[in-house]
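Asks:
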Amino acid sequence: MKKVLFINGKSGRAKKSRDLTNLQEEARKQNDLEVHLIQKGDDLPWLIKNYTRQGVKMFGVAGGDGTVNSVASCLVNSDVPLVVIPFGTLNHFARDIGVPSNLAQALRLFDEAEGTEMRIDVGEVNGNFFLNNSSIGIYPRLVRLREKNEQRLGKALSYLLAGWHVMRRPNLWHVRLEINGEKQDLKVGLLFFSNNRVDMTPLKAGQRARLDDQVLDVYLVKAGTFFQFFQVVASFLSNRLEESPMVVRTEVCEATVYSSRHHMRVAFDGETRNLNSPLEYKIHPAALVVRVPPEKSENPTGESKLESTGVKN
Numbered sequence: 019m020k021k022v023l024f025i026n027g028k029s030g031r032a033k034k035s036r037d038l039t040n041l042q043e044e045a046r047k048q049n050d051l052e053v054h055l056i057q058k059g060d061d062l063p064w065l066i067k068n069y070t071r072q073g074v075k076m077f078g079v080a081g082g083d084g085t086v087n088s089v090a091s092c093l094v095n096s097d098v099p100l101v102v103i104p105f106g107t108l109n110h111f112a113r114d115i116g117v118p119s120n121l122a123q124a125l126r127l128f129d130e131a132e133g134t135e136m137r138i139d140v141g142e143v144n145g146n147f148f149l150n151n152s153s154i155g156i157y158p159r160l161v162r163l164r165e166k167n168e169q170r171l172g173k174a175l176s177y178l179l180a181g182w183h184v185m186r187r188p189n190l191w192h193v194r195l196e197i198n199g200e201k202q203d204l205k206v207g208l209l210f211f212s213n214n215r216v217d218m219t220p221l222k223a224g225q226r227a228r229l230d231d232q233v234l235d236v237y238l239v240k241a242g243t244f245f246q247f248f249q250v251v252a253s254f255l256s257n258r259l260e261e262s263p264m265v266v267r268t269e270v271c272e273a274t275v276y277s278s279r280h281h282m283r284v285a286f287d288g289e290t291r292n293l294n295s296p297l298e299y300k301i302h303p304a305a306l307v308v309r310v311p312p313e314k315s316e317n318p319t320g321e322s323k324l325e326s327t328g329v330k331n
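Our numbering applies: residue 19 is where the sequence shown begins, and numbers increase by one.
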């Protein structure tokens, strides 16, 4: 079986030249695996279509969550499996599907005897797929500020600086949220959509136990001042986030976000983009096939439990 591995040579772990060399050397040990080092300007959808025409039956991607998203988006609603190699800084998606952080072990998922296939849900906003989450408000601002300073200060320090800046001067976004035909006008500092239920306890923040429950987990944070955001952070650190009067949680299959703005800055899987208003969010059940360790696939596929819990003002 022909296989192709896309590698982002500028992702977090690739900055250590030894890791990049080790990954390429380990990849060459795999039978029928071609390595494609992603170059600036590469048209990934075209490349994947072209490889598919040539008989490639499995793709892999080594990079951070943004790179993984770029390749996975091309495989949504197909039966072509994806192998994810954790090669970025945080690797949230790889962690949640149980991929080992060891590069050699992760590469073994290309082997039929070592890995198995699992179908997972994928979120979408205005034609853009997301594997982890998408948001509007304070987080897209933070990402943009981090990107401005990352080359000069590095990722960790630029994140801290951006976080301090947006916390000092938070904004409230006036939006209208529609769920099941019911519209509500809201003022939010952050509107966060997770692909499936997300853990918001301090020690497991951002982790998801499964990716086949067919829901978008939604958090509305109504904080609009430094003091209010400080209260939300304090609630989170004391494991009382959902008790905070500034936070509302709900679950939906789809939702629409209206705004008086023609464009809204939206984050998804660590990247940001300007999208036209309104924002149409939806979940695509079992839309992506991923290769996972056998023990991860033993978690049975959940049935959809959702209508909607609605949103309280």
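Quick reminder that beta carbons are idealized off the backbone N, C-alpha and C, glycines included.
Can you list, in chain order, the residues of its chain with a C-beta nearer than 7 Å to that of Leu259? Leave out the 5 residues immediately preceding and following it.
Replies: Apart from sequence neighbours up to five positions away, the residues of its chain that approach Leu259 with a beta-carbon distance below 7 Å are Met218, Ser253 and Val265, ordered along the chain.
Asks: Compare the Cα-Cα distances from Ala285 to each of Gly27, Thr39, Gly84 and Asp50 and report the closest residue.
Replies: Nearest neighbour of Ala285 by Cα position, chosen from Gly27, Thr39, Gly84 and Asp50, turns out to be Gly84.
Asks: For a quick check, are the C-beta atoms of Val15 and Ile156 less than 9 Å apart?
Replies: Past the edges of the chain, shown from 19 to 331, lies residue 15, and the structure says nothing about it.
Asks: Spatial neighbours of Gly73 within its chain, please: C-beta separation below 6 Å, excluding the five flanking residues on both sides.
Replies: Lys20
Asks: Using C-beta distances below 7 Å, list every residue in its chain close to Leu160, excluding the 5 sequence neighbours before and after it, in chain order.
Replies: Ala180, Gly181 and Val184
Asks: Is it true that the CB of Val89 sits closer than 9 Å to the CB of Leu127?
Replies: no
Asks: Please identify the residue among Gln246, Lys75 and Leu175 whose C-alpha is closest to the C-alpha of Leu100.
Replies: Lys75
Asks: Let me make sure I understand the geometry here. Which of Arg113, Leu93 and Lys58 has the alpha-carbon closest to that of Val310?
Replies: Arg113
Asks: In terms of residues, what are the limits of the beta strand (DSSP E) holding Arg228?
Replies: Element bounds for Arg228: n/a, residue is neither H nor E.
Asks: Can you check DSSP and say which residues form a bridge with Tyr69?
Replies: Answer is none; Tyr69 lacks a bridge partner.
Asks: According to DSSP, simplified to helix, strand and coil, what is Lys323?
Replies: Legend: pLDDT at Lys323 = 39, less than 50; position of this residue unreliable, value from coordinates given subsequently. Coil.
Asks: Under the rule that 16 or more other beta-carbon atoms within 10 Å means buried, what is Ser278, buried or exposed?
Replies: exposed
Asks: Roughly how many angstroms lie between the CA atoms of Gln202 and Leu195, to the nearest whole one?
Replies: 5 Å
Asks: If you measure between the beta carbons of Leu190 and Gly207, is that distance less than 9 Å?
Replies: yes
Asks: Span of the beta strand (DSSP E) holding His110?
Replies: First-last for His110: His110 to Asp114, but that is the alpha helix (DSSP H), not the beta strand (DSSP E).
Asks: Would a check of beta-carbon distances place Arg113 closer than 9 Å to chain B?
Replies: Looking at the structure shown, chain B is missing, and only one protein chain is on hand.
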